[in-house]
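Q: Count the sequence shown with full-length UniProt numbering and you get residues 1 to 247, in order. Handing you this structure, nothing more for now.
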Amino acid sequence: MTETASLPVLYTGIVLYSTQDPEASAMLVADGTVAWIGPEDSALVLHPQARRIRAEGCLVTPSFVDAAPTADGSEPEAGWLEQALARGITAAVPGPLGPRDGVTVLAPAVQSAPYLDLTREGTALALGSGGRADAADPWTWVRALAHEGPLEQRISDRAAFLAATRGGRRLAGAPHPGSLNPGTEATFVVWEPWDLTVRGQDERIQTWSTDPRSRTPMLPDLTDGSPQALRTVVSGRVVHDRLPEPA
């Protein structure tokens, strides 16, 4: 299935990863950008001519960027991108691990690092698979930084997610707010319905919530697995699609 970038498309019934409106349940995509976000009821009134895609209960987030797609820093093999798109990864920035162009690149499956110390020092992080098959799912990068390893070095799910998305874009020279706000490029992933939470960095303190009124964008609960990408969109164009058609 393909759509032109200029065709207005209205996604409804969603949970949107947006710092501007974490409670938004609808998003309009037009001309390759996020044109509008807000309540579904308002969307149906304001944008009646848009093609409606109902994705009930699906989380919609910015896509991932693999900042270390291979073990040796080389370009990934042909066919890599097609497989990556099916996992919600829309770009790669090959190169060595460690400091690179003002960003520290980490591959959690390859080596651990003092994640919390780095973030407290103001170090910009980007994440990648390191070419490991067991790290092909980008949510494993988030889990590694937020849920695994020494408790005193874990960071919040949100900080880890931003490193895996916004960090890679910064490394590629394409700054992004790490959030689907109006005016941003419509490059995003529609994830299968999943339990969602807002969890802080310190698991010794109950700082997580399942309430969108916390005003913090929600992310998947990665305690037991991770969601699958149902649709991946790049600049408004669908490049991977397993989103069920409405009955």
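All C-beta atoms in this analysis are idealised placements derived from N, C-alpha and C, irrespective of residue type, glycine included.
Check R166 in the structure and name its three-state DSSP category.
A: helix
Q: Could you tell me if V29 is buried or exposed, where buried requires 16 or more neighbouring beta carbons within 10 angstroms of its beta carbon?
A: By the 16-neighbour rule on beta-carbons within 10 angstroms, V29 is buried.
Q: Quick one: what's R51 bridged to in DSSP?
A: V9
Q: What residues are listed by DSSP as bridge partners for R231?
A: V190, D241
Q: Taking 7 Å as the limit between beta carbons, can you name the residues of its chain near L222, skipping five residues before and five after?
A: For L222, where only same-chain residues beyond five positions count, the Cβ hits under 7 Å are W139, V142, R143, H147.
Q: Would you be able to state if there are at least three C-beta pairs under 8 Å between the region 103–123 and the region 163–178?
A: Taking one beta carbon from each stretch, the region 163–178 and the region 103–123 have 3 or more pairs nearer than 8 Å; the two touch.
Q: Compute the Euclidean distance between the alpha carbons of P22 and L219, then round it to the nearest angstrom.
A: 11 Å
Q: Once DSSP output is grouped into helix, strand and coil, what is the label at T184?
A: coil
Q: DSSP on R100, reduced to helix/strand/coil?
A: strand
Q: Along the chain, where does the beta strand (DSSP E) containing T223 start, and where does it finish?
A: Unbroken run through T223: none, as it is neither H nor E.
Q: Ends of the beta strand (DSSP E) at G116?
A: As written in the sequence, residue 116 is Leu, which differs from the Gly given in the question. Per DSSP, L116 belongs to no beta strand (DSSP E); it is in the alpha helix (DSSP H), 115–120.
Q: Whose C-beta lies closer than 6 Å to the C-beta of S112 among residues of the same chain, with five residues either side of it excluded?
A: G149
Q: With a threshold of 16 other CB atoms inside 10 Å of the CB of P62, please say whether the residue is buried or exposed.
A: With 16 or more other Cβ atoms inside 10 Å of its own Cβ, P62 counts as buried.
Q: Could you compute how far the alpha carbon of A186 sits from the alpha carbon of L44?
A: 20 Å
Q: I believe G88 touches T232 by the beta-carbon criterion, under 8 Å. Please report the beta-carbon distance rounded to the nearest angstrom.
A: 6 Å
Q: Between A5 and S235, what straight-line distance do the alpha-carbon atoms span, to the nearest angstrom?
A: Confidence at A5 is low in this model, with a pLDDT of 49, below 50, so the placement of that residue is unreliable and no value is reported for it.
Q: Looking at the secondary structure, which residues open and close the alpha helix (DSSP H) in which L85 lies?
A: If you look at L85, you'll find it in the alpha helix (DSSP H) that goes 80–85.
Q: So, are the CB atoms of W191 and A229 less than 9 Å apart?
A: For W191 and A229, yes; Cβs fall inside 9 Å.
Q: Note down, in chain order, each residue of its chain lying with its Cβ closer than 8 Å to the Cβ of V15, except the 5 sequence neighbours on either side.
A: Correct list, in chain order: S25, G57, C58, L59, V60, L196, P212, M218.
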